[in-house]
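Reviewing the structure listed below.
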Amino acid sequence: MSNQFTPNNPLPQEAPVPEELATFSPEVEAEIERHLAKYPVKRSAILPLMFIVQRERGYLDPPGVAYLADRLGVRVTDIWEVATFYTMINTQPVGKYHLQICKTLSCKIMGEPQITERACQQLGIQPGETTPDGLFSVSLVECLGSCGTAPMMQIGFDFHENLTTQQVDELIVRCRNGQLSNGVR
Amino acid sequence: MFIGAIGCEPLQLARVHLENPQSIETYRKAGGYEALRKALTTMSPEEVIAEVKKSALRGRGGAGFPTGMKWGFVPKDSPKPKYVVCNADESEPGSFKDRYLMERDPHMLLEGMLIAAYALGSKTTYIYTRGEYRYLIEIMDRAIAEARAAGIIGDKILGADFSCEIYTHSGAGAYICGEETALLNSLEGLRGHPRMKPPFPAVAGLYGCPTVVNNVETLTAVPDIIKMGGAAYQKLGTEKSGGTKLWSVSGHVNRPGVYELPMGYDDMEKFIMEDCQGISNNRQLKAVIPGGSSVYIMPASDIIGKDVRMDYEGLVVAGSMVGSGGFIVMDETVDVFESTKNLIEFYKHESCGWCTPCREGTDWLVKVFHRIARGEGRPEDAQLLLDLCDNIEGKSFCPLGDAAAWPIQSAIKKFPEDFRRHLTPTATNGREQH
Ligand SMILES: Cc1cc2nc3c(=O)[nH]c(=O)nc-3n(C[C@H](O)[C@H](O)[C@H](O)COP(=O)(O)O)c2cc1C
Ligand code: SF4
Ligand code: FES
Numbered sequence: 125m126s127n128q129f130t131p132n133n134p135l136p137q138e139a140p141v142p143e144e145l146a147t148f149s150p151e152v153e154a155e156i157e158r159h160l161a162k163y164p165v166k167r168s169a170i171l172p173l174m175f176i177v178q179r180e181r182g183y184l185d186p187p188g189v190a191y192l193a194d195r196l197g198v199r200v201t202d203i204w205e206v207a208t209f210y211t212m213i214n215t216q217p218v219g220k221y222h223l224q225i226c227k228t229l230s231c232k233i234m235g236e237p238q239i240t241e242r243a244c245q246q247l248g249i250q251p252g253e254t255t256p257d258g259l260f261s262v263s264l265v266e267c268l269g270s271c272g273t274a275p276m277m278q279i280g281f282d283f284h285e286n287l288t289t290q291q292v293d294e295l296i297v298r299c300r301n302g303q304l305s306n307g308v309r
Numbered sequence: 019m020f021i022g023a024i025g026c027e028p029l030q031l032a033r034v035h036l037e038n039p040q041s042i043e044t045y046r047k048a049g050g051y052e053a054l055r056k057a058l059t060t061m062s063p064e065e066v067i068a069e070v071k072k073s074a075l076r077g078r079g080g081a082g083f084p085t086g087m088k089w090g091f092v093p094k095d096s097p098k099p100k101y102v103v104c105n106a107d108e109s110e111p112g113s114f115k116d117r118y119l120m121e122r123d124p125h126m127l128l129e130g131m132l133i134a135a136y137a138l139g140s141k142t143t144y145i146y147t148r149g150e151y152r153y154l155i156e157i158m159d160r161a162i163a164e165a166r167a168a169g170i171i172g173d174k175i176l177g178a179d180f181s182c183e184i185y186t187h188s189g190a191g192a193y194i195c196g197e198e199t200a201l202l203n204s205l206e207g208l209r210g211h212p213r214m215k216p217p218f219p220a221v222a223g224l225y226g227c228p229t230v231v232n233n234v235e236t237l238t239a240v241p242d243i244i245k246m247g248g249a250a251y252q253k254l255g256t257e258k259s260g261g262t263k264l265w266s267v268s269g270h271v272n273r274p275g276v277y278e279l280p281m282g283y284d285d286m287e288k289f290i291m292e293d294c295q296g297i298s299n300n301r302q303l304k305a306v307i308p309g310g311s312s313v314y315i316m317p318a319s320d321i322i323g324k325d326v327r328m329d330y331e332g333l334v335v336a337g338s339m340v341g342s343g344g345f346i347v348m349d350e351t352v353d354v355f356e357s358t359k360n361l362i363e364f365y366k367h368e369s370c371g372w373c374t375p376c377r378e379g380t381d382w383l384v385k386v387f388h389r390i391a392r393g394e395g396r397p398e399d400a401q402l403l404l405d406l407c408d409n410i411e412g413k414s415f416c417p418l419g420d421a422a423a424w425p426i427q428s429a430i431k432k433f434p435e436d437f438r439r440h441l442t443p444t445a446t447n448g449r450e451q452h
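Going down the list, the sequences are from chains F and D.
Whatever position you read off the first sequence (first residue = 1), add 124 for this note's numbering.
Whatever position you read off the second sequence (first residue = 1), add 18 for this note's numbering.
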C-alpha cells in the first residue's frame with residue numbers, strides 16, 4: 125500500500141503547489157457538511173470527502189487537494205499522505221468506465237484469467253492502462269467479497285458477478301452505447 | 019449461490035429469504051428490535067454483558083476473542099465518551115458473509131450495535147465499511163434513516179433513558195484497515211497503520227477513548243443472545259464456542275454460498291461432499307483453506323475420513339483455524355505453488371509498509387515466487403522461502419505479517435510435490451521447455 129505506489133495512486137512527480145481551491149455546488153457542499161457532522165474531529169471525514177472530490181472532479185486533483193486541506197484545517201501534505209495510502213483514491217485520471225477485475229484466489233481458480241484476457245483484448249489495453257479516448261480503464265484488484273459468485277469485476281461501485289467471457293463482451297458494448305451506469309457515486 | 023442454515027435452525031440467516039428483507043417493517047414483523055426493547059426495559063448494562071459472557075460468543079472477525087470478556091474490559095468509570103465500532107471492512111480473501119448479513123438484514127446489525135452501545139454506555143457508534151461495499155453503505159444509511167424515524171436511533175430510544183447515534187463510514191481500499199487499530203487510525207483520518215498494543219482499544223481506542231471494535235457477524239449475534247438468553251445460545255454450539263457460525267464457501271464446489279452451521283458441526287467431509295454438493299466437474303478434492311486466506315491450507319487427506327469438527331478447537335486439532343470462515347475449496351487441477359503465489363501477491367499489495375519484516379519480506383517473497391514461476395527455480399528455494407517466512411512470522415508489528423507467512427509455510431509442508439515440480443532441474447517448468 126504505502127511503500128509501493130499502485131497504478132491508481134502514484135505519488136505526483138512534482139508535488140504540485142495548488143494555486144486555486146476547487147469549488148462545489150451548494151448541494152455538494154451540503155453533502156460535505158453531512159459527513160463532517162458525523163465526527164467530533166473534522167479530519168475523520170477525509171476519506172468520505174475524497175470520494176466526493178473525485179466523483180465531482182474525475183480524480184483527486186491538486187485544487188481538490190487544496191480544497192480538502194482548507195476544509196479540514198490540515199496541511200496539503202496531510203492530504204497527500206492519506207491519499208497515497210488508499211487504493212481507491214485516484215490521484216490520476218481514470219477512464220469513465222473503470223473495470224476492476226478481481227484477481228485473488230477464488231476468482232483466479234474460477235476463470236479470472238479468461239475474463240481479464242477478454243476484456244483487455246476487446247479494449248486493446250493492458251491492466252493498469254486507459255484507452256486513448258479515456259472511456260475505459262482496466263485494473264486487476266484484490267478480493268472484493270464476491271468469491272462465491274466468482275469470477276467478478278466492479279465497474280465503479282457496481283458489482284458484476286458470475287461472469288462469462290460473453291458477458292464481458294456484452295458489458296463493454298453496453299458501456300460503449302452509454303447503456304450502463306459507470307457506477308460512480 | 020446458496021444462503022441458508024444446515025444442521026440447525028437459521029438464526030443469523032433467519033430473515034434473509036423474506037420478501038423485502040431490508041425494510042424495518044419486515045424486521046419488526048419477524049420479532050426485530052424486541053431484543054433491544056427487552057434489554058432497555060428489563061436489563062441493566064451489566065446484565066447484558068453477563069448474558070453475552072454466558073453465550074460463549076467468540077469474535078467472528080478472525081481472532082475468535084470472547085466477546086463478553088472484551089466488553090468487560092471497557093472501564094466503567096471513565097469520564098471519556100465511549101465508542102462502539104462495527105468492523106465491516108471484510109477484505110480477507112474468501113470471506114463474504116458480512117456482505118450478505120448487511121445486504122439482507124441491515125436492521126439486525128443496527129439492533130446488535132444498539133444493544134452493545136447500551137451495555138457499554140456508548141452514545142456514538144460507527145460502521146466502518148470497506149470502500150468497495152458502497153451499495154451496502156447505502157443500504158445501511160437507508161436502514162438508519164428508517165430506524166431514526168421509528169424512534170429506534172437518536173434520543174430516548176424506544177422511550178427509554180438511552181440515546182445513541184449510528185453513523186456509516188467508508189474505507190478506501192486497504193485490507194489492513196480491517197485490523198482494529200489500523201481501522202481506528204483510518205477512522206481518525208490517518209493512514210491505516212496499526213497501533214502499538216497495549217493500550218488496547220477497550221481502554222484507549224477511537225480519539226483515545228474506550229472503544230469496542232466488533233465484527234458484523236459478532237454484533238448480529240447479539241439480538242438472539244438477548245432474546246433467547248446466553249445459556250440457550252451457547253448450547254447451539256459447543257462449550258467454548260457458542261452458537262452458530264457463518265461460512266463463506268467459494269471455489270470448486272457445486273453449491274458455493276453462505277452457510278450457517280452450528281459450532282462444532284460434524285464433519286468437514288460431509289459439509290463439502292453433501293451440503294456443498296461435492297466438487298464441481300466430477301473432479302477430486304485437493305485442498306481447502308477453511309478460514310480465509312490467512313490460515314493454514316489443508317490437504318484432502320487431512321479431511322477425508324478424518325472427522326474434522328468445524329469449530330475453533332476442531333480446526334486447530336485438524337491443523338488449521340476458523341479465522342473469518344472463508345472456506346476456499348480447490349480441486350485436483352490447482353497447483354498449490356500457483357495458489358500460494360496468488361496469496362503472497364495479495365499480502366505484498368496489502369502490507370501497510372509500517373514495519374520492515376513485513377514490508378521487505380513480502381516483497382522479497384513475491385520476487386522469489388516470480389523468479390520460480392519464470393522457470394528459474396532452484397532446489398534450495400523451498401528453504402529460502404521458509405527462511406524468509408521465519409523472518410516475518412512473530413517479528414512483525416501486526417498479525418498481517420504472520421498471516422502472510424502461514425499460507426506459505428503450510429503449503430510447502432503439505433504440498434512439497436507442487437513446489438518440487440517447480441524447483442528441480444527435471445521439472446517441466448518454463449526453462450526446461452525451451
Ligand atoms: C490484517 C488483519 C485484517 C483484519 N481484517 C478484519 C476484517 O476485515 N473484519 C473484521 O471483523 N476483523 C478483521 N480483523 C480482526 C480485527 O483486528 C479485530 O480482531 C476484530 O474486528 C474484532 O472483532 P471481533 O472480536 O468481533 O472478531 C483483521 C485483523 C488483521 C490482523
Ligand atoms: S506487519 Fe505488515 S501490515 Fe502489519 S504493521 Fe507491519 S508492515 Fe504493516
Ligand atoms: S477472490 Fe475475487 S471476490 Fe474474493
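Where a beta carbon is used, it is the ideal one built from N, C-alpha and C, also for glycine.
Q) Should D:D107 be listed as close to ligand 1, given that the test is whether its C-beta is under 6 Å from any heavy atom? A) Here residue 107 of chain D is taken as the residue at index 89 of the second sequence, counted from 1. Result yes, Cβ under 6 Å from ligand 1.
- request: Given a cut-off of 7 Å, decide if F:M277 and F:Q238 are closer than it, judged by their beta-carbon atoms.
  value: Taking the first sequence and counting its residues from 1, one reaches residue 238 of chain F at position 114. Taking the first sequence and counting its residues from 1, one reaches residue 277 of chain F at position 153. Cβ atoms of F:Q238 and F:M277: not closer than 7 Å.
7 Å CB neighbourhood of D:E129 in its chain, flanking five on each side removed:
Taking the first residue of the second sequence as 1, we reach residue 129 of chain D at position 111. Around D:E129: G50, Y51, A53, L54, P241.
Chain D within 7 Å of F:K232, Cβ atoms only
Start at 1 with the first residue of the first sequence, and residue 232 of chain F comes out as number 108. Interface residue, yes.
Inset, instruction - Measure from the C-beta of D:E257 to each C-beta in chain F and report whether the shortest distance is under 7 Å. - result: Counted from its first residue, the second sequence places residue 257 of chain D at position 239. The Cβ of D:E257 sits no closer than 7 Å to any Cβ of chain F.
* To do: Would you identify the three-state DSSP class for D:L279, choosing helix, strand or coil?
  => Mapped onto the second sequence, residue 279 of chain D falls at position 261. Strand, per DSSP.
**Asked** Quick one, what's near ligand 3 if you take every residue whose CB is closer than 5 Å to any heavy atom, in chain order?
**Response** F:C226, F:T228, F:S230, F:C231, F:C267, F:L268, F:S270, F:C271
Mind reading off the beta-carbon distance from F:A207 to F:L184? Whole number of angstroms is fine, and I expect it under 8 Å.
Mapped onto the first sequence, residue 207 of chain F falls at position 83. Mapped onto the first sequence, residue 184 of chain F falls at position 60. Right, the Cβ-Cβ distance comes to about 6 Å (below 8 Å), so this counts as a contact.
Quick check on D:M19 - is its C-beta less than 7 Å from some C-beta in chain F?
In the second sequence, residue 19 of chain D corresponds to position 1, counting from 1. Cβ-Cβ to chain F under 7 Å: yes for D:M19.
Proximal residues to D:I307 (C-beta, below 6 Å), its chain only, five neighbours per side dropped: Taking the second sequence and counting its residues from 1, one reaches residue 307 of chain D at position 289. Counting only Cβ-Cβ distances below 6 Å, and skipping sequence neighbours, we find I315, I346.
Which ranges would you report for the beta strand (DSSP E) in the stretch 370-447 of chain D if only whole runs of at least 3 residues count?
none
At a Cβ threshold of 7 Å, is F:K220 touching chain D? Taking the first residue of the first sequence as 1, we reach residue 220 of chain F at position 96. So, not an interface residue.
* Going along the chain, which residues of the stretch 182-207 of chain F sit with their C-beta nearer than 7 Å to a C-beta in chain D? -> E205, V206
*Partner residues on chain F for D:S311, Cβ-Cβ distance less than 7 Å*: Against the second sequence, residue 311 of chain D aligns to sequence position 293. Result: L229.
Would you say D:D349 and D:H270 are within 7 Å of each other, going by their C-beta atoms? Sequence index remark: in the second sequence, residue 349 of chain D carries index 331 (1-based). Sequence index remark: in the second sequence, residue 270 of chain D carries index 252 (1-based). Result yes, Cβ atoms of D:D349 and D:H270 sit closer than 7 Å.
Tell me, please, whether the CB atom of F:E180 is closer than 7 Å to any CB atom in chain D?
Working through the first sequence from its first residue, we reach residue 180 of chain F at position 56. By this cut-off, F:E180 is not an interface position.
**Report entry** Helix, strand or coil at F:V265 [DSSP, three-state]
**Finding:** Here residue 265 of chain F refers to the residue found at position 141 when the first sequence is read from its first residue. Note: F:V265 maps to strand in three-state DSSP.
Sequence-distant residues of the same chain with beta carbon closer than 6 Å to D:G344, five excluded per side:
As a position in the second sequence, residue 344 of chain D is number 326, starting the count at 1. Here D:G344 has E110, G112, S113, S266, G310 as same chain residues with Cβ atoms under 6 Å from its own Cβ, once five neighbours each way along the sequence are excluded.
Residues that F:Q278 contacts on chain D, provided the C-beta gap is smaller than 8 Å
Residue 278 of chain F sits at position 154 when you count from the first residue of the first sequence. Within chain D, the residues near F:Q278 are E150.
Self-check item: Cα-Cα separation between D:N203 and D:S298, rounded to whole angstroms
Solution: Counting from 1 along the second sequence, the entry for residue 203 of chain D is found at position 185. Counting from 1 along the second sequence, the entry for residue 298 of chain D is found at position 280. Rounded to whole angstroms, D:N203 to D:S298 spans 43 Å at the Cα level.
Taking the alpha-carbon of D:F415 as reference, which of D:R76, D:E378, D:D436 has the nearest alpha-carbon? As a first step, residue 415 of chain D is located in the second sequence; it is residue number 397 there, counting from the start. Considering only alpha carbons, the answer is D:E378.
Next on the checklist: Assuming D:Q252 and D:A429 are in contact, meaning their beta carbons sit under 8 Å apart, how far apart are those beta carbons, in whole angstroms?
Outcome noted: By 1-based counting over the second sequence, the position of residue 252 of chain D is 234. By 1-based counting over the second sequence, the position of residue 429 of chain D is 411. Actually they do not touch by this definition, with Cβ atoms about 35 Å apart.
Step through the CB atoms of chain A and report whether any lies within less than 7 Å of the CB of F:R167.
Protein chains in the displayed structure are F and D, and chain A is not among them.
Exercise for the section: Use the C-beta contact count for D:E198: other C-beta atoms within 10 angstroms, 16 or more gives buried, fewer gives exposed. Expected result: Counting from one through the second sequence, the residue named residue 198 of chain D turns up at place 180. With 16 or more other Cβ atoms within 10 Å, it is buried.
Under 9 Å from the C-beta of D:H270: neighbouring residues of chain F = Here residue 270 of chain D refers to the residue found at position 252 of the second sequence. Here the neighbours are I233, M234.
Requested in this report: In the DSSP assignment, find the unbroken alpha helix (DSSP H) run with F:L192 in it and report its ends.
Outcome: For this step, residue 192 of chain F is matched to residue 68 along the first sequence. From DSSP, the alpha helix (DSSP H) with F:L192 extends over 186-196.
Q: Please name the residue in D:A81, D:K98, D:P63 whose C-alpha comes closest to that of D:G90.
A: Working through the second sequence from its first residue, we reach residue 90 of chain D at position 72. It is D:P63 whose Cα lies nearest to the Cα of D:G90.
Checklist entry - Between the stretch 325-336 of chain D and the stretch 283-295 of chain D, are three or more C-beta pairs nearer than 8 Å? => result yes
My output table needs one value for D:M120: the three-state DSSP class, helix, strand or coil. Locating residue 120 of chain D in the second sequence gives position 102, counting from the first residue. Three-state result, D:M120: helix.
Requested in this report: With a floor of 4 residues, list each alpha helix (DSSP H) that falls wholly inside the stretch 165-253 of chain D, ordered by position along the chain.
Outcome: 198-205, 234-246
Can you tell me where the beta strand (DSSP E) with F:L223 in it begins and where it stops? Here the question's residue 223 of chain F lines up with position 99 in the first sequence. Where F:L223 is concerned, the enclosing beta strand (DSSP E) starts and stops at 221-226.
Check: Among all the DSSP beta bridges, which residues are the ones paired with D:M316?
Finding: Counting from 1 along the second sequence, the entry for residue 316 of chain D is found at position 298. DSSP, once it has assigned bridges, lists D:V306 as partnering D:M316.
Counting only Cβ-Cβ distances shorter than 9 Å, please list the residues of the stretch 257-272 of chain F near chain D, keeping chain order. V265, E266, C267, L268, G269, S270, C271, G272
(Q) Please tell me whether D:M131 and D:I184 are closer than 7 Å, where the distance is taken between their beta carbons. (A) If you number the second sequence from 1, residue 131 of chain D lands on position 113. If you number the second sequence from 1, residue 184 of chain D lands on position 166. Taking 7 Å as the Cβ cut-off, D:M131 and D:I184 qualify as a contacting pair.
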